[in-house]
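Structure record follows, encoded as structure tokens.
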Amino acid sequence: MSEVEAAHGITTGAVARRLGVSPTTVRSWEQRYGIGPAVRRSGRHRRWMPQDIALLEEMCRLTATGVPPGEAARVVLGSGPSSAGDETPPSATEPWDAPRTDGRQPGSGNGLPLGDVRQECRGLARAAVRLDAPSMEALLDQVVREHGLVTAWEEVMVPTLHAVGRKWESSADRYVEVEHLLSWQVSTALRRATVTAPSAAKQPPVLLACMPSESHTLPLEALAAGLAERGLPLRMFGGAVPAEALDAAVRRSGPAVVVLWSQARSTASQALARHVAGTAFGTRGARTNPLVLLAGPGWAGPAPGGGLLRPGGLREALDVISGVYGEAARPGEG
Numbered sequence: 001m002s003e004v005e006a007a008h009g010i011t012t013g014a015v016a017r018r019l020g021v022s023p024t025t026v027r028s029w030e031q032r033y034g035i036g037p038a039v040r041r042s043g044r045h046r047r048w049m050p051q052d053i054a055l056l057e058e059m060c061r062l063t064a065t066g067v068p069p070g071e072a073a074r075v076v077l078g079s080g081p082s083s084a085g086d087e088t089p090p091s092a093t094e095p096w097d098a099p100r101t102d103g104r105q106p107g108s109g110n111g112l113p114l115g116d117v118r119q120e121c122r123g124l125a126r127a128a129v130r131l132d133a134p135s136m137e138a139l140l141d142q143v144v145r146e147h148g149l150v151t152a153w154e155e156v157m158v159p160t161l162h163a164v165g166r167k168w169e170s171s172a173d174r175y176v177e178v179e180h181l182l183s184w185q186v187s188t189a190l191r192r193a194t195v196t197a198p199s200a201a202k203q204p205p206v207l208l209a210c211m212p213s214e215s216h217t218l219p220l221e222a223l224a225a226g227l228a229e230r231g232l233p234l235r236m237f238g239g240a241v242p243a244e245a246l247d248a249a250v251r252r253s254g255p256a257v258v259v260l261w262s263q264a265r266s267t268a269s270q271a272l273a274r275h276v277a278g279t280a281f282g283t284r285g286a287r288t289n290p291l292v293l294l295a296g297p298g299w300a301g302p303a304p305g306g307g308l309l310r311p312g313g314l315r316e317a318l319d320v321i322s323g324v325y326g327e328a329a330r331p332g333e334g
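Once you know that position 91 of the sequence shown is 91 in UniProt numbering, the rest is easy, because the numbers rise by one and skip nothing.
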């Protein structure tokens, strides 16, 4: 929390977003179990202070381990366990983290290995482990709206996706359902951002495609949302585009830029990329070739050259593409 928030408290809605739960859940815990704010402003307006939020965080952690809310509330309020089991689960003896003032906190709710991340990232992780799709949707939309696409992707979506993936790999295929739901919600948020962005100018588009046999589309979806945010035209062809279909798409759409995504070296093909870069289209005497960006870790290695560029990340890719369109691109997030 910032110094101002620590001194004056924050609203129920803000608390819910930070914890990755719905405001209804927070109010329910207050009404049913007495876990409420110590300070109220202007009559009934609740203002949650750091010590109040710490109790809610403990409730989130306990319930995420399977402890019933009523039992968790007794532990949080200091009454100890009442009956079932007569002991607090071992995972409930260590707090998730300690409040800090810089907006980032180590660790992650629910045991996900997040490290030092934004508060919104921790909230998203909690909601993901709970399989709380409405909270995930609301939080993702808010982050994109308030911080822009690049920050939302790099500092909230990607760290949470990586944390769930690491948990999945280290827990004998547990958390598969968490990873699937989180990926779906992230994809939905990215596509919503793409659809709701202002209409792009009528210019040659940016063509986005995964290499043949490559099915990882989320990074391309993030790029599509970033392009839409900057008002740039695009065509998304998605995962595993066959070479013949890619060639046809380039010739039919006449793109200014083609972005080819490869997650692994086994799916990267320099020969196909160079073929795309050498594809000419347009009227006779004014034929042109697209700029080709090689995106993703599959293209790692020496600089490609030959009219091929390899951006270092989402922001760099957006900046390179914006430069192709010049003044047609609106300023991004800086």
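Here a beta-carbon is modelled for each residue, glycine too, at the ideal position from N, C-alpha and C.
By the CB criterion at 8 Å, Leu19 and Cys60 fall inside the cutoff. Note that the C-beta distance between Gln185 and Arg17 is not below 8 Å. Taken atom to atom, the span from the alpha-carbon of Leu291 to that of Ser22 is near 45 Å. By the Cβ rule, the segment 144 to 155 counts as touching the segment 306 to 319, because three or more pairs are nearer than 8 Å. In the three-state reduction of the DSSP assignment, Ile10 falls in the strand class. Beta-bridge partners assigned by DSSP to Met236: Leu208. In the three-state reduction of the DSSP assignment, Ala224 falls in the helix class, which pools H, G and I. Classified as buried, Pro205 has 16 or more neighbouring CB atoms from the shown chains inside 10 Å of its CB. Distance from the Cα of Ala228 is smallest, within the candidate group Pro134, Val144, Glu30, Thr63, for Val144.
Secondary structure at Gly305: strand, using DSSP grouped into helix, strand and coil. Inter-residue distance for Ala240 and Gln263 is about 11 Å (C-alpha atoms, whole angstroms). Closest in C-alpha terms to Gln270, from the list Gly34, Leu308, Leu131, Leu218, comes Leu308.
Per the Cβ contact rule, the segment 174 to 183 is not in contact with the segment 219 to 234 (fewer than 3 Cβ pairs under 8 Å).
DSSP places Leu260 inside the beta strand (DSSP E), whose first and last residues are 257 to 261. Judged by pairs of C-beta atoms under 8 Å, the segment 156 to 164 does not touch the segment 239 to 259, as fewer than three such pairs exist. Straight through space, the alpha carbons of Ala209 and Val276 are spaced by roughly 12 Å. Burial of Val258 is indicated by the presence of at least 16 other C-beta atoms within 10 angstroms of its C-beta. For Ala133, same chain residues with a beta-carbon under 7 Å away, outside a window of 5 residues either side, are Leu181, Gln185 in chain order.
If the five residues before and after Gly296 are omitted, its C-beta is found closer than 7 Å to the C-beta atoms of Pro219, Trp261, Ser262, Gln263, all from its own chain and listed in chain order. Our two residues, Ser253 and Glu221, have alpha carbons roughly 19 Å apart in a direct line. The C-beta distance from Leu77 to Ile10 rounds to 21 Å, too long to fall under 8 Å, and the pair is not in contact. Close CB contacts of Glu120 within its chain, under the 7 Å cut and outside five residues either way in sequence, are with Leu139, Val143, Val156 (chain order). Per the coordinates, the alpha-carbon of Arg130 lies some 43 Å from the alpha-carbon of Val250. Ranking Ser266, Leu318, Thr25 by CA distance to the CA of Gly298 puts Ser266 first. In this structure, Arg287 sits near Phe281, with a CB-CB distance shorter than 8 Å.
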